[in-house]
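Asker: When we follow the numbering used here, the leftmost residue of the sequence shown carries the number 174, and every step to the right adds one.
Note that the Cβ used here is the ideal one computed from N, Cα and C, for glycine as well.
Predicted model, so just to flag it, every value in this text is computed and none were measured.
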Amino acid sequence: TAEGYIPTISPNRYYKFDGWYLDAAATMPVNGNDTFPTDTAPLTLYAKFVEDPNQWFDINFASGTNGSISAPNTLHIPYDYTWGQITPQLPTATPVVNYNFNGWNDPSGNHMTSSSTLVNHATYTAIFGKDPNTWGTNVGAISPHGRIGQDGSGEIEIRGTTPGNVYVISKPDGEIVAVVKGDPNGNVTTVPNLIPGAHYNVQEGTPDTVATVGQPTSSITGSSVSTPQDVFIPTVDSNYNVGYDPENEGMAQIVINPADPDADYALIDENGNVLQYPGSDNGWMTPVGSNPSTVTFNNLNPNETYTVVARKHGDPALGNPLSKLADGTQIVANPGDMAEVPKYVVETREGIIVSVKDTQVNADAFNEAHAGETVTIHADPVNSNGKKFLYWNVLAGRAVGVSGNITQADYSFTLSNSNIVLKAVYEPVKIAGDDADLHEELRGTASLGEFGLEPAQIPALANTLTTPADRVLQSVNGANVDYRVIFNKRDTTAAESSLVKPVSISGSEHSDAYTAAYSLDIKLERYVDGRRVDAGIIATASNASVDVIAQLPGSDVDQLDYQLFDVTSGTAVETTITSDVANNAGLVKFTGNLLHTYVMVYSKTFKVTFVDNKPVLDHLFLNDTSRNFYKKFKVRRKENVEESYYASDYAVVTAYAQNNVANSLKTPFEDIYGVQYDYVNWSKKEDKLSVYDTTSPVTKKLVVYAYYSDNRKEVAQARVDLGDTIEIARELTGDPYLKLGEVEEINVAIAKALETLRQARDLVSPDGTTYLRMANWAELQQAIDALRELINKYSKGASDREDARNRRTGGASSGGSSSTGRGSKLRTPGEKYTENMARFEASNTRAFVLGVDGNWEKNPVTGGWSFVLNGGTPLNDMWGMISFTDSTGKRVSRWYYFDGQSTMATGWTYDSKNGYWYYMNTTEGPDLGQMVTGWVRDPKTGKWYYMNENTGILTTGWLLNNQDNRWYYLNQNGEMATGWQNIGGKWYYFNTNAPQDTYVWDANAFKWNYVKNSGRPYGSMYAGEQTPDGYNVDANGAWN
174 TAEGYIPTIS PNRYYKFDGW YLDAAATMPV NGNDTFPTDT APLTLYAKFV EDPNQWFDIN
234 FASGTNGSIS APNTLHIPYD YTWGQITPQL PTATPVVNYN FNGWNDPSGN HMTSSSTLVN
294 HATYTAIFGK DPNTWGTNVG AISPHGRIGQ DGSGEIEIRG TTPGNVYVIS KPDGEIVAVV
354 KGDPNGNVTT VPNLIPGAHY NVQEGTPDTV ATVGQPTSSI TGSSVSTPQD VFIPTVDSNY
414 NVGYDPENEG MAQIVINPAD PDADYALIDE NGNVLQYPGS DNGWMTPVGS NPSTVTFNNL
474 NPNETYTVVA RKHGDPALGN PLSKLADGTQ IVANPGDMAE VPKYVVETRE GIIVSVKDTQ
534 VNADAFNEAH AGETVTIHAD PVNSNGKKFL YWNVLAGRAV GVSGNITQAD YSFTLSNSNI
594 VLKAVYEPVK IAGDDADLHE ELRGTASLGE FGLEPAQIPA LANTLTTPAD RVLQSVNGAN
654 VDYRVIFNKR DTTAAESSLV KPVSISGSEH SDAYTAAYSL DIKLERYVDG RRVDAGIIAT
714 ASNASVDVIA QLPGSDVDQL DYQLFDVTSG TAVETTITSD VANNAGLVKF TGNLLHTYVM
774 VYSKTFKVTF VDNKPVLDHL FLNDTSRNFY KKFKVRRKEN VEESYYASDY AVVTAYAQNN
834 VANSLKTPFE DIYGVQYDYV NWSKKEDKLS VYDTTSPVTK KLVVYAYYSD NRKEVAQARV
894 DLGDTIEIAR ELTGDPYLKL GEVEEINVAI AKALETLRQA RDLVSPDGTT YLRMANWAEL
954 QQAIDALREL INKYSKGASD REDARNRRTG GASSGGSSST GRGSKLRTPG EKYTENMARF
1014 EASNTRAFVL GVDGNWEKNP VTGGWSFVLN GGTPLNDMWG MISFTDSTGK RVSRWYYFDG
1074 QSTMATGWTY DSKNGYWYYM NTTEGPDLGQ MVTGWVRDPK TGKWYYMNEN TGILTTGWLL
1134 NNQDNRWYYL NQNGEMATGW QNIGGKWYYF NTNAPQDTYV WDANAFKWNY VKNSGRPYGS
1194 MYAGEQTPDG YNVDANGAWN
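1) Output the distance between the C-alpha atoms of R1110 and M1149, rounded to the nearest integer angstrom.
2) Among V364, E420 and V398, which residue has its Cα nearest to the Cα of I406?
3) So, helix, strand or coil for N920, using DSSP?
4) Could you check what DSSP says for G914 in three-state terms: helix, strand or coil?
5) If you pair each beta-carbon of the region 672-688 with each one of the region 750-769, do three or more pairs fall below 8 Å?
6) Applying the 10 Å Cβ sphere with the 16-neighbour rule, what's the burial state of N1032?
7) Taking its Cβ as the centre, do 16 or more other Cβ atoms sit within 10 Å of M201, making it buried, or is it exposed?
8) Check whether the Cβ atoms of Q724 and G570 lie closer than 7 Å to each other.
9) To the nearest angstrom, how far is the alpha carbon of R172 from that of N1177?
10) For L1143, count neighbouring C-beta atoms within 10 Å of its own C-beta (all shown protein chains included) and say buried if the count is 16 or more, exposed if not.
11) Should the region 1129-1143 be called in touch with the region 1091-1098, which here means at least 3 C-beta pairs below 8 Å?
12) Excluding sequence positions up to five away, which residues of its chain have a Cβ less than 6 Å from the Cβ of G1073?
13) If we ignore side chains and look at the alpha-carbon of each, how far apart do Y967 and V834 end up?
14) Quick one: measure Cβ to Cβ for D169 and K839, integer angstroms, because I've assumed they're closer than 8 Å.
15) Can A582 and A552 be called in contact, C-beta distance under 7 Å?
16) How far does the beta strand (DSSP E) with V774 in it reach, from first residue to last?
17) I need the DSSP call for N949, collapsed to helix, strand or coil.
18) Contact between the region 199-217 and the region 233-245: three or more CB pairs below 8 Å?
19) Is G370 near V519, with beta carbons less than 7 Å apart?
20) Do three or more CB pairs link the region 345-355 to the region 436-454 at distances below 8 Å?
21) Would you mind giving the Cβ-Cβ distance between N653 and D610, rounded to the nearest angstrom? I have them listed as a contact below 8 Å.
22) Excluding the five sequence neighbours on either side, which residues of its own chain have a C-beta within less than 6 Å of the C-beta of D694, listed in chain order?
23) Name the one or two DSSP bridge partners that W855 has.
24) Quick one: any contact between the region 1111-1119 and the region 1145-1165, if contact means 3 or more CB pairs under 8 Å?
25) Go through its chain and collect everything with a Cβ distance to G984's Cβ below 6 Å, but skip five positions before and after it.
26) Are the Cβ atoms of L1042 and G1024 separated by less than 7 Å?
27) Could you pull the start and end residues of the beta strand (DSSP E) that Q522 belongs to?
28) On a Cα-Cα basis, can you pick out the residue from V888, Y910 and N476 that is closest to V811?
29) Going straight from the alpha carbon of G1157 to that of T1151, what length do you get?
30) Which residue or residues does DSSP assign as beta-bridge partners of L760?
31) Closer than 7 Å by C-beta to L733: which residues in its own chain qualify, once you throw out the five before and the five after it? Chain order, please.
32) In the DSSP assignment, what residue or residues form a beta bridge with I550?
33) If we ignore side chains and look at the alpha-carbon of each, how far apart do N185 and F222 end up?
34) Just mark F301 as buried or exposed, buried being the case when its beta carbon has 16 or more other beta carbons within 10 Å.
35) Just the Cα atoms here: how many angstroms apart are N271 and N636?
36) Which residues share a DSSP beta bridge with Q426?
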């Protein structure tokens, strides 16, 4: 300071001046009182600068989960540095396998960017996240599938969804139709209320995605939105049934139930024609009713294939149903179960069949089961691998009520009209502990029990499919890797069919019968923690084979020429089916490959059955069913029984008819009633001749009968004539002008005639032999001729004597004669009472008095009751009104019906002469066999029926009961309807509950009588009121 000079001090940024020092190390500070030498020797002072503590920060670093960081753990930096300025000094972040380093977050969780500022003493955390390519967390890694919902509408099930993410559904033209959030409780989200038979696009977006229904997809905003995935919803799935058309005899109908009330449906036949129905819009039918809505297509040709298509209700852009043909669902109009097989297959996996009905099986397969039999199965609590039993489920086939996971190790069920294969599921067995899981899934039109993997192969298949990357995910990352074998059943495309048809047996040799049952895609999907990640599985799966077991649906069962083709390469290659599909009710077994497509084809067939039930009537072989003939075989559609394919089967028929084999057709023969049968030809009808042309193409199921002509009427008339002739002869024996010897001769002839009438099976003849039948026409006519010869001879003789006496005496005898038959002529039940009586002079209906005209006797052949006239003739193939005194002493008359074996009918009785059904009392006792009128409850079915009070005829359709003045509805079978019923397109409700007796049985009147109380009769229609389930019906009972 003596010199008066101090240098200017300028500290660098972030530093401050800390004084002068005598040494460079700044260890000897210069104090204010220090003096310096005055000589000329140079003196150096050192300015010391230090960090300004207000301008420096200390920050810390830490590692988040699933990774680590290197040194340094802290940094000392200027206070105004940004994150970008310290990036070169940051620790190295290393993620664990299958995770990525996703940057750094500040203590508040904010992601650090290059411009982010720093906070003194803050800790910054390295963030690690799942590799989206490994874990499937990329937006769009979803698996959507279309299906039909419970109300018949379409819906899309999206698998692999993320809670909070947004899912956008749009039409192919880009219009958004639905926007939903991912299910918050899982990884499956369902989008309802879509149109059946339609394509939609599905997109996934991050939570910030914004989309509006009705707007185009171009309006969607969000940080990440996936590309669209096309999803198809089938027109129908399992929501339809096929039955016989009640309005058109011999035709079929298809009912969509439930049908989407917001859609229209149309039907297209095999030739590409749209079926038109009254009230339809160019073939488009609108569903009727609600909860459920239905659509009915009737008057269909049985067993033809139809295509159901759908559109949004009233969509003008789809005016022609043919524009939707490619999206339609094919349905075979098969009104009944085509599986006309006498036995079914029951198999188990990992368990045994204990018994089927009364047969002890104790094995894993049984091939002799029948519908309706009880099947009992067993699984050990712990299997040979030491794994615990979990449940049974259906691997292939079906049985009513058998579904889901059945947790009972010992389980019994009733077999339906189908094969069934069940597997016992145990705790999983893995070849390696880190093997992936493997499951099966049915998609498309596949129903429960149609396809499955043979369980024994699953552990090895899972081991084969599991990649090293999968093992790391599971063992290191704790992830769940799940492979799913997808059985996707669908309609065969035209392109696929064109590949298969030329090389298949059915297509090349029987083109009219060729049927493509379905196409099957065996897919493979890989899921990591529920998200679909297929990357890398193609290579490991392409050569993996799978043993498949499948059950054909009823419409595809019991056909011919089954073949399975692999069409994956674009060339149809036949795959071996290892089971006898044509003869085992449709159980299919084959070895296929993952990621391959298969087409199942066959020749459509119809059963032709040749039947001869008449030989059992032959009195020489009575009830020997071995002499009857029955031959059933399959004939391909539009082929005939004489073609070479059926030579061995049809030869059995011709050999029988031409008497070339033992127990062949015998003609003529006589039954126990003396009626002669003469074979005429094979007939399409049993009761009248309609000659079957064996060269005609078979287009439906046929039963062909051996038709015989018979002389039943002639025999019956001859018996009547003989009876009348006997009466005439008896009257003649009282003629006073006959001599005793002449009367004796007539009486002998009468006795022989009566014996002819008495003749019946098992009765002993005068010569001690046993009769095998009643007299035939020739024997009856012989007896008539013999009597008439005597009547003519002695009538003339008596007349001549009377004339001679009159000439001698000049007078004539007074008096007269009368003749009574075996009962007066009556109308048959059902005949109009206004008709002129003369019309029924030839009727086989008569009135008889018990104890006067005849008596009840046990029929020695049938064991039933017969009414045998005094002359020994039983009433046969006719109605009879029989009068008797009942238990109260009252004289009553009741109708009875006697069949062709002279046996009183009981239960349901069909009169082929007038085409009506009747019900004859089944209660043992004096009322047995009497025709019932009014209400009838069938004890076998518990169903109620109504028999016309005047005629006894079974009533169908609407009935206004004259006792309770209420309406009832009897269906086409006469069964009384209950509950909700759709009749003529309108819904009606019929009482399902009778809280107190409203009808009681009146034994004296022999019918049910109405009890006038406050109760509502069972089955009566609600009208002008509210139904028990809350619906208002109008005065006519209709709910609209």
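Answerer: Reading from the atomic positions:
1) Position 937 of the sequence shown, counted from the start, is the residue given in the question as residue 1110. Position 976 of the sequence shown, counted from the start, is the residue given in the question as residue 1149. If you take the alpha carbons of R1110 and M1149, they lie about 10 Å apart.
2) The residue you call residue 406 lines up with position 233 of the sequence shown. The candidate whose alpha carbon is nearest that of I406 is V364.
3) Along the sequence shown, read from residue 1 onward, the residue named residue 920 stands at position 747. Helix, per DSSP.
4) Walking along the sequence shown from the start, residue 914 turns up at place 741. Helix.
5) no
6) On the sequence shown, position 859 is the one that residue 1032 refers to. By the 10 Å Cβ count, N1032 comes out buried.
7) The count along the sequence shown starts at 1 and reaches residue 201 at position 28. With fewer than 16 other Cβ atoms within 10 Å, it is exposed.
8) The residue you call residue 724 lines up with position 551 of the sequence shown. The residue you call residue 570 lines up with position 397 of the sequence shown. In contact: Q724 and G570 (Cβ atoms closer than 7 Å).
9) No statement about residue 172 is possible, as the shown extent of the chain runs from 174 to 1213 and does not include it.
10) Stepping through the sequence shown from its first residue, residue 1143 is reached at position 970. Answer is buried; the Cβ neighbour count reaches 16.
11) no
12) The sequence position of residue 1073 within the sequence shown is 900, counting from 1. So the qualifying residues of the chain are D1050.
13) Counting from one through the sequence shown, the residue named residue 967 turns up at place 794. Counting from one through the sequence shown, the residue named residue 834 turns up at place 661. Roughly 54 Å separates the two Cα atoms.
14) This structure leaves residue 169 out entirely; the chain is present only between 174 and 1213.
15) One-based indexing of the sequence shown puts residue 582 at position 409. One-based indexing of the sequence shown puts residue 552 at position 379. In contact: A582 and A552 (Cβ atoms closer than 7 Å).
16) In the sequence shown, residue 774 corresponds to position 601, counting from 1. Unbroken beta strand (DSSP E) run through V774: H769 to S776.
17) If you number the sequence shown from 1, residue 949 lands on position 776. Three-state result, N949: coil.
18) no
19) Within the sequence shown, residue 370 is the residue found at index 197, counting from 1. Within the sequence shown, residue 519 is the residue found at index 346, counting from 1. In this structure, V519 does not lie closer than 7 Å to G370 by Cβ.
20) no
21) Translated into positions along the sequence shown, residue 653 becomes position 480. Translated into positions along the sequence shown, residue 610 becomes position 437. N653 to D610, Cβ: 7 Å. Contact.
22) For the purposes of this step, residue 694 is taken as residue 521 along the sequence shown, with counting starting at 1. Here the set comprises N661 and T770.
23) Here residue 855 refers to the residue found at position 682 of the sequence shown. Answer is A879, bridged to W855.
24) yes
25) Position 811 of the sequence shown, counted from the start, is the residue given in the question as residue 984. Interpretation of G984 is limited by its pLDDT of 44, a score under 50 that renders its predicted location unreliable; no figure is taken from the coordinates.
26) Indexing the sequence shown from 1 puts residue 1042 at position 869. Indexing the sequence shown from 1 puts residue 1024 at position 851. Cβ distance not < 7 Å, so L1042 and G1024 don't count as in contact.
27) Taking the sequence shown and counting its residues from 1, one reaches residue 522 at position 349. In the sequence under discussion, the amino acid at residue 522 is Arg, which differs from the Gln named in the question. Per DSSP, R522 belongs to the beta strand (DSSP E) from Y517 to R522.
28) Numbered from its first residue, the sequence shown carries residue 811 at position 638. One point to set straight first is that residue 811 is Lys, not Val, in the sequence displayed. Out of V888, Y910 and N476, N476 has the C-alpha closest to the C-alpha of K811.
29) Here residue 1157 corresponds to residue number 984 of the sequence shown, with the count starting at 1. Here residue 1151 corresponds to residue number 978 of the sequence shown, with the count starting at 1. Each residue's alpha carbon lies about 16 Å from the other.
30) Along the sequence shown, read from residue 1 onward, the residue named residue 760 stands at position 587. Q724.
31) Translated into positions along the sequence shown, residue 733 becomes position 560. Hits under 7 Å: A755, Y775, S776, T778, K807 and R809.
32) Position 377 of the sequence shown holds residue 550. Partner(s): I526 and Y584.
33) Taking the first residue of the sequence shown as 1, we reach residue 185 at position 12. Taking the first residue of the sequence shown as 1, we reach residue 222 at position 49. In a straight line, the C-alpha of N185 is about 8 Å away from that of F222.
34) Here residue 301 corresponds to residue number 128 of the sequence shown, with the count starting at 1. It counts as buried.
35) Your numbering for residue 271 matches position 98 in the sequence shown. Your numbering for residue 636 matches position 463 in the sequence shown. Taking the straight line from one Cα to the other gives about 21 Å.
36) Residue numbering aside, residue 426 sits at position 253 when the sequence shown is read from its first letter. Q426 pairs with G416.
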